Amino acid sequence: MESNGKGVSIDGVPLPYEAGEIDFGEPGTNGQHSFYQLIHQGRVIPCDFIGIVKSQQPVYLKGEVVSNHDELMSNFFAQPDALAYGKTAEQLLKENVSQQLIPHKTFSGNRPSLGLLLPSLNAYNIGQLLASYEHRVTVEGFVWGINSFDQWGVELGKSLATQVRKQLNASRTKSEPVKGFNFSTTTQVLIFQLSHPLFYLGYNCLGAVGLIAECLALKLHL
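Structure representation (structure tokens):
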């Protein structure tokens, strides 16, 4: 996300398309009950499924031959097929699903995914995985015509954070008012300042009184 999050080409020309990808995920079936409905029935999101052949801690219930790891891997193998093939209204009719529920239980399919199966979870295999993603980022940058190796996009946030830090320091040491931000940010900074431990310890009483006055003024403004 950091490397390819760009809005202009390497030559500074605005891109006619959106570049960069949003990466998020969850282990095992946690994701299934968190966001899988989005990728199955909501927007199309290309996704990777990463499975491990050898479990580090296999747990078997008494009398069972399927371990907890097998349960997770069952979902690993099932999800890409579900995304690829989906489920049609005709299939649901054969299962005697009511007409009212069919639109809600239909899966369009034809959704892209990639399955990666690692032999075991160790430093070597994780290194290979990271290297493959690094390679992907670089290739995407070449295809999109962007520079994957600069970070100008982080400068603005860092600059504004420096201003906030200076305001916090000046407010606590010199009793200076919080200023220079929009109304919403100013209000939040004041609330944050009032909750600071030094405020309740009586540090810089003049500054504390000033903060309270500012907050009262903001409240009256609201």
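In the working numbering, the protein residues as written are 78 to 299.
Beta carbons are placed, not taken as given, at the ideal position from N, Cα and C, and that holds for glycine.
All values reported here derive from a predicted model rather than from experimental measurement.
- Assigned with DSSP and collapsed to three states, Ile179 falls in helix.
- Between the segment 202-216 and the segment 130-148 there are fewer than three C-beta pairs closer than 8 Å, too few to call the two in contact.
- For Leu169, same chain residues with a beta-carbon under 6 Å away, outside a window of 5 residues either side, are Ile179, Lys182 in chain order.
- Sixteen is the threshold: since fewer than 16 other Cβ atoms of the shown chains lie within 10 Å of the Cβ of Gly234, the residue is exposed.
- In the DSSP assignment, Val130 falls outside any alpha helix (DSSP H) and lies within the beta strand (DSSP E) extending over 124-131.
- Contact annotation, Trp221 with Asn81: C-beta distance approximately 7 Å; criterion of less than 8 Å satisfied.
- Contact between the segment 237-254 and the segment 263-270 is present: three or more C-beta pairs spanning the two stretches fall below 8 Å.
- Contact between the segment 94-107 and the segment 160-177 is absent, with fewer than three C-beta pairs closer than 8 Å.
- Short of 6 Å from the beta carbon of Ile127, and not among the five residues preceding or following it, lie these beta carbons of its own chain, in chain order: Leu193.
- The alpha-carbon separation between Ser209 and Cys124 amounts to approximately 15 Å.
- Around the C-beta of Lys83, 16 or more other C-beta atoms lie within 10 Å, and the residue is accordingly described as buried.
- Setting aside the 5 residues that flank it on each side, Gln156 is surrounded in the same chain by Gln109, Tyr113, Phe126, Ser190, each with a C-beta closer than 8 Å to its C-beta; the list follows chain order.
- For the alpha helix (DSSP H) assignment, the uninterrupted runs of no fewer than 4 residues enclosed by the segment 126-176 are, from N- to C-terminal side, 145-162, 166-171.
- Partner residues in the beta bridge of Phe184, as assigned by DSSP, are Lys164.
- Here Ser197 is bridged, per DSSP, to Lys131.
- If the five residues before and after His146 are omitted, its C-beta is found closer than 6 Å to the C-beta atoms of Ser132, Pro135, all from its own chain and listed in chain order.
- In the same chain as Met78, and ignoring 5 residues on each side of it, the C-beta atoms closer than 7 Å to its own belong to Gly97, Glu98, Ile99, Asp100, in chain order.
- Assigned with DSSP and collapsed to three states, Val121 falls in coil, not helix or strand.
- Beta-bridge partners of Leu237 (DSSP): none assigned.
- Contact annotation, Gly186 with Ala161: C-beta distance approximately 6 Å; criterion of less than 8 Å satisfied.
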